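Below is one structure, written out as structure tokens; comments come after it.
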Amino acid sequence: MKLAQLVETSRRVAATSGRLEKTSVLAEYLRRLPPDQIETAVSFLTGTLRQSKLGIGPSTIYGSMPERANESPQLTLDQVNSVFESLTGISGKGSAGERARRLTALLSQASREEQAFLAGLMAGEVRQGALDGVVMEAVARAAGVPADLVRRAAMTTGDLPLVARTALTGGSEALLAYAVQLFRPVLPMLAETAADVADAIGQLTRAAFEFKFDGARVQVHKKGDDVRIYTRRLNEVTAAVPELVEIARRLPAREIILDGEAIALKADGSPLPFQVTMRRFGRKLDIDGLKTELPLSAFFFDILWIDGTPLLDEPLQDRLKVLEQVIAPDLLVPRIVTDSTDEAQGFLDSALARGHEGIMAKALDSRYEAGRRGSHWLKLKPAHTLDLVVLAAEWGHGRRRGWLSNLHLGARDPAGNGFIMLGKTFKGLTDEILVWQTRHLLTLETDRDANTVFVRPELVVEVAFNDVQVSPQYPGKLALRFARVKGYRDDKTAGEADTLAAVQDIYRRATGEEPPAPV
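Per our numbering, the very first residue in the sequence shown carries number 1; after that it's consecutive.
Here you go:
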């Protein structure tokens, strides 16, 4: 199958606003795919790669873009996937240059539309509106099977491309083989955001409220002494977390699947910063040394399987009863059940006072909807805001093609040396804002490359974010986590924007540590 056909399908989906029409366009394309190309095509359409990492960043991707496009491209999905596979195997001296060379060779064979799609795919910025849920419905329609069957299979395998191939080649009978199994991790259930405690209770009435830890989401599978630990991305990390393995082995259940958090704590029980916990999950680890230097604690909040019985379809209140029977109190996430706004607010205040990032609110009758982000689980955590300056913007992809989208955000240098970049965001931008900012930023243009327009630092934008983390990627050595635009501040000049010192102070208050010195 030609890449051009997939790119055209992506373009049609991006240009379509209705979910049913998106589903129809995708289903029409999926029916035409050869069986051995289904997994690659579904991966690309959902903006993911079958390879975990290509070893290239946005600067290499867009720096490898050729000046000219191929007028008569003939690239196939197999050719593209083969090049991606080859990029993962390059290592050693000169590997960066070799990756760039192969990438340029690939892009030189592509049309301008294909180049833009591939660049967005590799940079994780394909946003044509073909989210997993829409693709699941399209797979069901193309295969003539119930959508719930496709959805459950995708949830329990964590592999939508594989499920798509199974559905399109084997139908309902083949999909029935997928069920919750030990040592096959399921996608974690996700949460929407509530504005505040009153909003959460308004949506859920009586609910379970839990501390929200800023640690590493883990899924623990145990059968006898055989224990395996998986991350939220379903990667196995058993060897990196031996203390979690020992905890699981001591549990009274012979077979169990648990959902929880692994987190590094200070001596007083307050959490260390997220990036400190994540040191335990790095590529090259001195496990014995890190276990002593940075021990992990485990806190569990859900149970998906016990002694041969799957629990995903049981209501939360019943799952919690089972959980409390097999997990010691010191291993459970702190929890209350209430319909009182005052009581829930006090619980949130307690979580924040102990250094945690907020709380979760969960409907007592909710099933465990693996891989889905729904209103049965809500997260509540305070957001910081800063007034920052736009330093540049990147051209969008998919439905944002033709608009300047991803903003480069900068804080004032308190020493008076301009602005210091803190990261990027494309979140929170409405179509109306995209149109306005594209027109306005182009009037401020000072330079550009293949994907980025650099501008005079004049526009001030109010940005909400969850916290600040250490980042060697930026000169200020700090970056904003989960930044999103609240709106432009036309009442402020760039000289009134917040300084790097304000960002450093947020980091200092949150961690109790001194921020790294900027360069």
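We put the beta carbon where it would ideally sit given N, CA and C, even for glycine. Remember, it's a predicted structure, so these values are computed and weren't measured experimentally.
Query	Result
Exposed unless 16 or more other CB atoms sit within 10 angstroms - verdict on Glu210	buried
Limits of the beta strand (DSSP E) - the one that Phe213 falls within	Per DSSP, Phe213 belongs to no beta strand (DSSP E) and is neither H nor E.
CB of Val220 within 7 Å of CB of Leu258, strictly	yes
Under 7 Å between C-beta atoms of Trp403 and Thr438	yes
Straight-line gap, Ser43 to Leu49 (C-alpha atoms, nearest Å)	6 Å
Contact belief for Glu261 with Phe213 at Cβ below 8 Å, rounded distance in angstroms	4 Å
Close-in-space but distant-in-sequence residues of the same chain around Met189 (CB under 7 Å, 5 per side omitted)	Tyr368, Glu369, Ala370, Arg372 and Trp377
Cβ-Cβ distance between Tyr178 and Ala142 below 7 Å	no
Beta-ladder partner(s) of Thr166, from DSSP	The partner list for Thr166 (beta bridge, DSSP) is empty, contrary to what the question assumes.
Test item: CB-CB of Ser64 and Leu103 under 7 Å	yes
Member of Pro242, Thr341 and Glu173 whose CA lies at the smallest distance from the CA of Asp196	Thr341
Assigned exposure category for Lys22 - 16 Cβ within 10 Å defines buried	buried
Nearest to Ala248 (by Cα), restricted to the options Val218, Pro146, Arg509 and His384	Val218
Nonlocal neighbours in the same chain, by C-beta distance under 6 Å from Gly215, ignoring five residues either side	Glu261, Ala262, Ile263 and Thr277
Under the three-state DSSP convention, the category Trp436 falls into	helix
Own chain partners of Gly396 with C-beta closer than 6 Å, once the 5 adjacent residues on each side are dropped	Trp403 and Ser405
Three-pair Cβ contact test at 8 Å for the segment 351-366 versus the segment 218-238	no
Helix, strand or coil at Gln345 [DSSP, three-state]	helix
Meets three-Cβ-pair contact criterion under 8 Å: the segment 472-492 and the segment 419-433	yes
Under the three-state DSSP convention, the category Val145 falls into	coil
Integer-rounded CB distance, given that Ala164 should sit under 8 Å from Val145	At roughly 11 Å, the Cβ-Cβ gap does not stay under 8 Å, so Val145 and Ala164 are not in contact.
Beta-carbon proximity check, Val503 vs Val468, cutoff 7 Å	yes
Contiguous alpha helix (DSSP H) assignments of at least 4 residues, all confined to the segment 321-399	341-353
Proximity of Pro518 and Ala494 at Cβ, strictly below 7 Å	no
Cross-strand partners of Trp305 (DSSP beta bridge)	Ile257 and Pro310
Exposure of Ser95, with buried meaning 16 or more beta-carbon neighbours within 10 Å	exposed
Local Cβ density within 10 Å of Lys381, reported as buried at 16 or more and exposed below that	buried
Inter-residue spacing [alpha-carbon to alpha-carbon] between Ala208 and Arg232	22 Å
Supposed contact pair Arg335 and Ser270 - C-beta distance, whole angstroms, cut 8 Å	With a Cβ gap of about 19 Å, Ser270 and Arg335 do not count as contacting.
Test item: CB-CB of Leu107 and Leu149 under 7 Å	no
Reduced DSSP category for Ser64 - H, G, I as helix; E, B as strand; rest coil	coil
Asn417 burial status per 10 Å Cβ neighbour count (16 or more: buried)	exposed
Nearest-angstrom Cα separation, counted from Leu332 out to Ser297	11 Å
Closer than 6 Å: Gln181 CB and nearest the ligand NAP heavy atom	Inclusion of the ligand NAP in the displayed structure is not the case, the ligand content being empty and no account of it being possible.
Reduced DSSP secondary structure (H/G/I, E/B, other) of Glu445	strand
Close Cβ partners of Thr452 (< 6 Å) along its chain, the five nearest in sequence each way excluded	Ala392 and Glu394
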